[in-house]
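Residue numbers (the working numbering): 3 to 628.
Every residue gets a Cβ at the ideal spot worked out from N, C-alpha and C, and that includes glycine.
See below for the structure under consideration.
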Amino acid sequence: MAAIDQRDRVVLGARLNKVLIVLLSIFVILGIRLFYLQVIRNDYYSKLALSNRIQRERVLAPRGIIRDREGSKLVVNVPVYQISVLPGKVQGREGRLQLACEWLQIDEEKLRHNLSEWQKRYPDGREMTAVGTANKRQISILMENRDLFPFFKLEMKPRRQYPEGSLAAHVLGYVGEVTDDDLKWAQNLQPGDIIGRTGVEYRYEGFLKGQEGIRVVEISAEGIRIGEIENILDARDGAEFISSQPPIPGNDVYLTIDLRLQRAVERIFDWERGSVVMIDPRNGEIIAAISRPTYDPNIFLVGVSEQQWSKLNSDPAKPLFNRTVQATYPPGSIFKLITAYAGLREDVIRRGQHLVPCLGAYKFGNRYFGCWKPEGHGTLSLYGAIVESCDVYFYQVGEMLTADQFAAAGRLFGFGRVTGIDLPGEVVGNCPDHAYFDRRFGKRKWTKGHLLNYSIGQGELLATPMQLCFMAAIFANGGTMVRPHVVLKIVDTDGKVVYRPGGMSVAIQGIDRRELPIIKSAMEGVVSGESGTGRAAALADFRIAGKTGTAQNPHGEDHALFVAYAPVDAPEVVLTIVMENAGHGGAMAAPLAREILAEYFSTVAGLEGGYQYGVLDVDRVAGPNR
Numbered sequence: 003m004a005a006i007d008q009r010d011r012v013v014l015g016a017r018l019n020k021v022l023i024v025l026l027s028i029f030v031i032l033g034i035r036l037f038y039l040q041v042i043r044n045d046y047y048s049k050l051a052l053s054n055r056i057q058r059e060r061v062l063a064p065r066g067i068i069r070d071r072e073g074s075k076l077v078v079n080v081p082v083y084q085i086s087v088l089p090g091k092v093q094g095r096e097g098r099l100q101l102a103c104e105w106l107q108i109d110e111e112k113l114r115h116n117l118s119e120w121q122k123r124y125p126d127g128r129e130m131t132a133v134g135t136a137n138k139r140q141i142s143i144l145m146e147n148r149d150l151f152p153f154f155k156l157e158m159k160p161r162r163q164y165p166e167g168s169l170a171a172h173v174l175g176y177v178g179e180v181t182d183d184d185l186k187w188a189q190n191l192q193p194g195d196i197i198g199r200t201g202v203e204y205r206y207e208g209f210l211k212g213q214e215g216i217r218v219v220e221i222s223a224e225g226i227r228i229g230e231i232e233n234i235l236d237a238r239d240g241a242e243f244i245s246s247q248p249p250i251p252g253n254d255v256y257l258t259i260d261l262r263l264q265r266a267v268e269r270i271f272d273w274e275r276g277s278v279v280m281i282d283p284r285n286g287e288i289i290a291a292i293s294r295p296t297y298d299p300n301i302f303l304v305g306v307s308e309q310q311w312s313k314l315n316s317d318p319a320k321p322l323f324n325r326t327v328q329a330t331y332p333p334g335s336i337f338k339l340i341t342a343y344a345g346l347r348e349d350v351i352r353r354g355q356h357l358v359p360c361l362g363a364y365k366f367g368n369r370y371f372g373c374w375k376p377e378g379h380g381t382l383s384l385y386g387a388i389v390e391s392c393d394v395y396f397y398q399v400g401e402m403l404t405a406d407q408f409a410a411a412g413r414l415f416g417f418g419r420v421t422g423i424d425l426p427g428e429v430v431g432n433c434p435d436h437a438y439f440d441r442r443f444g445k446r447k448w449t450k451g452h453l454l455n456y457s458i459g460q461g462e463l464l465a466t467p468m469q470l471c472f473m474a475a476i477f478a479n480g481g482t483m484v485r486p487h488v489v490l491k492i493v494d495t496d497g498k499v500v501y502r503p504g505g506m507s508v509a510i511q512g513i514d515r516r517e518l519p520i521i522k523s524a525m526e527g528v529v530s531g532e533s534g535t536g537r538a539a540a541l542a543d544f545r546i547a548g549k550t551g552t553a554q555n556p557h558g559e560d561h562a563l564f565v566a567y568a569p570v571d572a573p574e575v576v577l578t579i580v581m582e583n584a585g586h587g588g589a590m591a592a593p594l595a596r597e598i599l600a601e602y603f604s605t606v607a608g609l610e611g612g613y614q615y616g617v618l619d620v621d622r623v624a625g626p627n628r
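In structure tokens, the structure reads:
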């Protein structure tokens, strides 16, 4: 019996030793593991633990301010609070969501529908904007009930504001949140970013967009934001992980626009549809530009609904359409300046040459091409034909020219090509040559009759208001072109100029400057001459050169056009006016030109005490001038 007990003790002792060895091994392994985790990997797991309660948030940088040439603010940033929904935190809290919508006065049914569609579109759980601009009541409710409504995120963001409302809206443009398409081609963009969509906001996005910063915030175990961490921890606590970085604002953009003049032109141009462009021919600076109808870009501050956006896009008046660089019109009689130049250059007419008298119409084949003046102009020289805008005279010049000669002359003065203005969406218009007519009508299926229409700026010829202004600037400069631009300079946050347009003035190769003086002299006669079609634009104290135009419109009343530059002896401003469905250029556009030029000499030219304008002879203003 004793022998058995002794044997059991040996077996039990051996087993106990094994158990002790196993336990000791476990403790050693645990000790090693703890040493590894707490000592060797201390930094790694400290940061990992820190990451569970610390998060880094992107801080959007304020976009640069857009100013007029004197520094007045045209586009600024205002802080707004945005309410977003965190889809991953809504599940299981439907009752709270209903309460939140009731308190915040949000349409719950619409929110749930939008959220459902949003999650189908973005299954990655990204946040969805619920309220673009929260009011004070909504802000206070969310700030006081963060624990109750963890699925709502309240964040302050800078938003664009346009203090002048619709003033120069098509030049300034507007901004919007990035879309899926934007995110595909731009790797530096993230959901919620704001980018320029049109105008200067789009064209100079790279300068206006600042550099985003980082904000460090602490969150609870439930994922609720506790608050921002202001102090940077030292290196032993993971400072490299939680360091904050302030955002760097975008650069300020100074425009060539003169705010005082822009306001005045907006007031004077009281017409539903059309455009006004004013350019300094010495350097290409756009000092005023209008496209009508217009819109107020402030509507994008609070976010545009699908219904609002659809209404804007479907409006037949096209308020978002920048007519200054995107709309094309037949230039009408303004193109007679080019026809005159082509005739002189190709030596088919001479300066003092009189052609067949105008009796009110010109017979070509078995068709009569009428003049705007039914009783006719009689016998005229080239000078008189420009001053009185005689169609019959230019029909005859057009009959002696080819389509390629027309196109070559037109392209020298900017027709059929972009001007290069720093605004998006500029179109080329159309300055047809022989090849174009062949494509359009078929070889040998068009006649000289098309060129007769060409000679007076009708038919297939199309130009933008900016191109017309560009052309007039070339005449004002005696054959030198300037690239039009709306940005004067761009300045960084330290006040350093980081961009200034250069290379504006270029002599046009191939232009015959010997033929320009007679045309320029006739342009002055258009305004100051006894029978000039643009005499309603005359100012008593300034010599003005101009040309009226009436563009035929198959869909309604003709369009009224007018181009001018002044003063004649030292041009400092070029003006183009296009009034859709207004009638005759001399009767409708020229009087507006007089008011606008008078305002220019009063505000921009800086005449002491202002300029009180007057026409040369009030009794001669009225009449259906071409």
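Residue i - containing beta strand (DSSP E), residue span
i, result
"residue 78", "75-87"
"residue 138", "No beta strand (DSSP E) holds residue 138; the alpha helix (DSSP H) holding it covers 138-146."
"residue 290", "287-294"
"residue 128", "It is not in any beta strand (DSSP E) - residue 128 carries neither H nor E in the DSSP assignment."
"residue 254", "254-257"
"residue 198", "196-198"
"residue 500", "499-501"
"residue 177", "177-179"
Top-ranked residue by Cα proximity to residue i, from the options
i, options, result
"residue 469", "592, 328, 595 and 378", "328"
"residue 106", "116, 144 and 130", "144"
"residue 497", "286, 254 and 271", "254"
"residue 252", "397, 83, 160 and 431", "160"
"residue 271", "258, 295 and 248", "295"
"residue 376", "447, 120, 365 and 360", "360"
"residue 482", "18, 137 and 512", "512"
"residue 277", "402, 594 and 285", "594"
"residue 523", "604, 339, 504 and 108", "339"
"residue 1", "120, 140, 30 and 95", "Residue 1 falls outside the range modelled here, since the chain spans only 3 to 628, and no answer is possible."
"residue 67", "111, 165 and 14", "165"
"residue 384", "39, 517, 184 and 13", "517"
"residue 601", "92, 573 and 269", "269"
"residue 123", "519, 182 and 293", "182"
"residue 194", "61, 142 and 312", "61"
"residue 562", "550, 265, 188 and 570", "550"
"residue 456", "407, 500, 113 and 477", "407"
"residue 331", "450, 557 and 28", "557"
"residue 273", "281, 111, 316 and 292", "292"
Residue i - partner residues in DSSP beta bridges
i, result
"residue 507", "484"
"residue 59", "217"
"residue 300", "Paired residue(s): none; residue 300 is not in a bridge."
"residue 564", "550 and 579"
"residue 364", "371"
"residue 277", "293 and 580"
"residue 157", "84"
"residue 491", "256"
"residue 429", "Its beta-bridge partners do not exist; DSSP assigns none."
"residue 527", "In the DSSP output, where bridge partners are listed per residue, residue 527 has none listed."
"residue 331", "465"
"residue 541", "544"
"residue 250", "213"
Nearest-angstrom Cβ-Cβ length linking residue i and residue j, presumed shorter than 8 Å
i, j, result
"residue 461", "residue 337", "Between residue 337 and residue 461 the Cβ distance is about 10 Å, and since that is not below 8 Å, they are no contact."
"residue 409", "residue 347", "Not really, about 13 Å apart at Cβ, beyond 8 Å."
"residue 463", "residue 503", "The Cβ separation is near 30 Å, so there is no contact."
"residue 576", "residue 475", "5 Å"
"residue 279", "residue 389", "Not confirmed; about 24 Å, so no contact."
"residue 371", "residue 453", "Contact doesn't hold; Cβ gap of about 11 Å is too wide."
"residue 58", "residue 216", "5 Å"
"residue 318", "residue 171", "Residue 318 to residue 171, Cβ: 19 Å. No contact."
Start-to-end residues for the alpha helix (DSSP H) that takes in residue i
i, result
"residue 110", "110-123"
"residue 337", "First-last for residue 337: undefined, no H or E at that position."
"residue 103", "96-106"
"residue 439", "436-443"
- Query: Touch check for the stretch 532-550 and the stretch 309-324: three-plus C-beta pairs under 8 Å?
  - Reply: no
- Is the stretch 116-133 close to the stretch 78-89, with three or more CB pairs under 8 Å? yes
- Query: Is it a yes or a no for the stretch 486-494 touching the stretch 422-435, going by three-plus beta-carbon pairs under 8 Å?
  - Reply: yes
- Task: Examine the Cβ distances between the stretch 406-417 and the stretch 456-471 and report whether three or more of them are shorter than 8 Å.
- Result: yes
- Query: Between the stretch 443-452 and the stretch 384-397, do three or more beta carbon pairs fall short of 8 Å?
  - Reply: no
- Taking one C-beta from the stretch 284-301 and one from the stretch 257-270 each time, how about it: are there three or more such pairs within less than 8 Å? yes
- Do the stretch 87-97 and the stretch 150-160 touch if we need at least three Cβ pairs shorter than 8 Å? yes
- Query: Does the pairing of the stretch 582-589 with the stretch 533-541 give three or more beta-carbon distances under 8 Å?
  - Reply: yes
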